[in-house]
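The sequence shown begins at 1 in the numbering used here and counts up one residue at a time.
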Amino acid sequence: MKTYRLAGPLIAVLALVIAACGTSGAPSPAADPGTGLAIGAEAGPTCPVEQPGDPACKARPVAGATVIVVDRQGTTVATAVTDPEGLATVALPAGEYVVQPQPVQGMMGTAEQQPVAVVAGTMTPVTVAYDTGIR
Numbered sequence: 001m002k003t004y005r006l007a008g009p010l011i012a013v014l015a016l017v018i019a020a021c022g023t024s025g026a027p028s029p030a031a032d033p034g035t036g037l038a039i040g041a042e043a044g045p046t047c048p049v050e051q052p053g054d055p056a057c058k059a060r061p062v063a064g065a066t067v068i069v070v071d072r073q074g075t076t077v078a079t080a081v082t083d084p085e086g087l088a089t090v091a092l093p094a095g096e097y098v099v100q101p102q103p104v105q106g107m108m109g110t111a112e113q114q115p116v117a118v119v120a121g122t123m124t125p126v127t128v129a130y131d132t133g134i135r
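Here it is, written out as structure tokens:
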């Protein structure tokens, strides 16, 4: 008669491995379709002496700007990089977040971080403004 003494411990180890592959302790809630952030990055001023309404002096898009999104606990939940038009979208579940723009080479300082509330079913617009240093 054959006995299998390794079957019990092997099953226990396999169960632990499968459990470890599950969630990491922090839930990752799924975003509703069409819910999240519509991020626009812009730089200004673009003229030494701006005149209100002058289209030649409007802010320009910032391509390649990295924006980190953190939840209320400070955990990074998303990172986005703006496209050539200075735009990026991030799918997120409804909730409160902080948008943290990162430094961009050639800009004076970094755009300010800002709190934002994402509403279900809405792409919430956020504009991050970088300073060109032109005065």
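Beta carbons: idealized from backbone N, C-alpha and C, even for Gly.
Nearest neighbour of residue i, chosen from the options [CA to CA]
| i | options | result |
| --- | --- | --- |
| residue 61 | 47, 135, 101 and 129 | 129 |
| residue 99 | 83, 70 and 87 | 70 |
| residue 58 | 38, 116 and 43 | 43 |
| residue 87 | 108, 49 and 37 | 37 |
| residue 73 | 63, 96, 80 and 82 | 96 |
| residue 46 | 125, 122, 107 and 123 | 107 |
Beta strand (DSSP E) segment containing residue i, residue limits
| i | result |
| --- | --- |
| residue 65 | Where residue 65 is concerned, there is no enclosing beta strand (DSSP E), given that its DSSP letter is neither H nor E. |
| residue 95 | 95 to 101 |
| residue 131 | 123 to 131 |
| residue 137 | Look at the range of the chain in this structure, 1 to 135, and you will see that residue 137 is not part of it. |
| residue 115 | 114 to 118 |
| residue 37 | 36 to 44 |
Distance, residue j Cα to residue i Cα
| i | j | result |
| --- | --- | --- |
| residue 54 | residue 65 | 25 Å |
| residue 91 | residue 75 | 16 Å |
| residue 135 | residue 113 | 23 Å |
| residue 132 | residue 105 | 10 Å |
| residue 89 | residue 120 | 15 Å |
| residue 35 | residue 78 | 14 Å |
| residue 23 | residue 32 | Note on residue 23: pLDDT 33, under 50, position unreliable in the model; the coordinate value appears next. Cα to Cα, residue 23 sits roughly 20 Å from residue 32. |
| residue 127 | residue 115 | 12 Å |
| residue 94 | residue 117 | 7 Å |
| residue 19 | residue 40 | Confidence in residue 19 is poor, its pLDDT being 38 and thus under 50, which makes the residue's placement too unreliable to answer from. |
Residue burial classification, residue i (beta-carbon count within 10 angstroms, cutoff 16)
| i | result |
| --- | --- |
| residue 101 | buried |
| residue 67 | buried |
CB contact check: residue i to chain D, cutoff 8 Å
| i | result |
| --- | --- |
| residue 64 | The chain labelled as chain D is not found in the depicted structure, where only one protein chain is given. |
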